[in-house]
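**Student:** Per UniProt numbering: the sequence shown = residues 1 to 225.
Here a beta-carbon is modelled for each residue, glycine too, at the ideal position from N, C-alpha and C.
The model shown is predicted, which means the values in this text are computed figures rather than measured ones.
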Amino acid sequence: EIEEGVEEGDIPPDLFDFILGHEKVKDLIWKSINAERPVHILMVGPPASAKSMFLGELARLPFSRFTLGGGTSKAGLADFLLEFRPRYLIIDEIDKMPMTEQSILLSLMESGIVARLKKRMREIETITTTVFAAANRDNTMWAELKSRFFDIHLKEYSEADFVNISRAVLMTREKVDPGLATLIAGLLSRYTRDVRDAIHFGRLCKTEEDVRSLLQLKFPSKGLF
Ligand SMILES: Nc1ncnc2c1ncn2[C@@H]1O[C@H](COP(=O)(O)OP(=O)(O)OP(=O)(O)O)[C@@H](O)[C@H]1O
Ligand SMILES: [Mg+2]
């Protein structure tokens, strides 16, 4: 699905403020935003590594449009590009994008050329669009599409990152009491690096006993780390 985007205004100065860490990624994306000519960015990484958060923030850029890899048809993407002429095209889960649609991206990203058939006439236009995309894996993407991106691979969080990010998300967004947030982040760090696990525990648990009992249920083995 192609969603509404921002039509006007300046680049929000607080872009990425809610994303903890990832300083080099933020720096790279700012460089791309400020580059005179498009450098498309692809983020590849494990679940809950803030990829969608980044794309959500980029959808706040003026003349930005957000789309899901699984959600557009071939005609839809070309029509959409020509009608809206987005300065930034944000594609989450691009690894789920059908091959037929990836072909539209090939020419958009290389030359800005978008072509479509309209009333049996071939309509061709050139637009300037920077693509920001994310995927869990890139082995289903064409090599030639990947080559058009500056692609970066996000690593699983370290123990310290996991604890800090989980604790902060629990306390701020999830309104979990600081003591319980610290306990959940610390205990879970022995078993997982997935911030969503911490969020689930934060939503389900009111006491330390709740946390310990659910830990046994979810992670019956000794722990991964
Ligand atoms: N660095 C971070 N700063 C703040 N919140 C984070 C960070 N990393 C993960 N989170 C939180 O973890 C959850 C998952 O993040 P997000 O949806 O961006 O992950 P993702 O990389 O898109 O994962 P997936 O590959 O499963 O789609 C969100 O609630 C997000 O706020
Ligand atoms: Mg995501």
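Contact check, residue 122 vs residue 82 under 8 Å by CB: the rounded distance?
**Tutor:** Actually they are not in contact, since the Cβ atoms of residue 122 and residue 82 sit about 12 Å apart, beyond 8 Å.
**Student:** Which runs of the alpha helix (DSSP H), 4 residues or longer, sit entirely within the region 86-143?
**Tutor:** 99-111
**Student:** Terminal residues of the continuous alpha helix (DSSP H) containing residue 67?
**Tutor:** Careful: residue 67 lies outside any alpha helix (DSSP H), inside the beta strand (DSSP E) at 64-68.
**Student:** Mind checking residue 144: buried by the 16 CB within 10 Å criterion, or exposed?
**Tutor:** exposed
**Student:** Would you call the CB atoms of residue 42 and residue 90 closer than 7 Å?
**Tutor:** no
**Student:** From which residue to which residue does the alpha helix (DSSP H) around residue 55 run?
**Tutor:** It spans 51-58 - the alpha helix (DSSP H) in which residue 55 sits, taken as one unbroken run.
**Student:** From the DSSP output, which residues share a beta bridge with residue 149?
**Tutor:** Answer is 40.
**Student:** Three Cβ pairs or more, each shorter than 8 Å: is that satisfied between the region 147-164 and the region 184-204?
**Tutor:** yes
**Student:** Can you find the residues in the same chain that come closer than 8 Å, C-beta to C-beta, to residue 183, ignoring five residues on each side of it along the sequence?
**Tutor:** 208, 211
**Student:** Locate the alpha helix (DSSP H) running through residue 200, then write down its first and last residues.
**Tutor:** Run containing residue 200: 195-204, per the alpha helix (DSSP H) assignment.
**Student:** Quick check: what's the CA-CA separation for residue 49 versus residue 120?
**Tutor:** 45 Å
**Student:** According to DSSP, is residue 221 helix, strand or coil?
**Tutor:** coil
**Student:** On a Cα-Cα basis, can you pick out the residue from 215, 56, 96 that is closest to residue 88?
**Tutor:** 56
**Student:** Going by DSSP in three states, residue 166 sits in which element: helix, strand or coil?
**Tutor:** helix
**Student:** Could you have a look at residue 259 and say whether DSSP puts it in helix, strand or coil?
**Tutor:** Shown here, the chain extends from 1 to 225; a query on residue 259 therefore has no answer.
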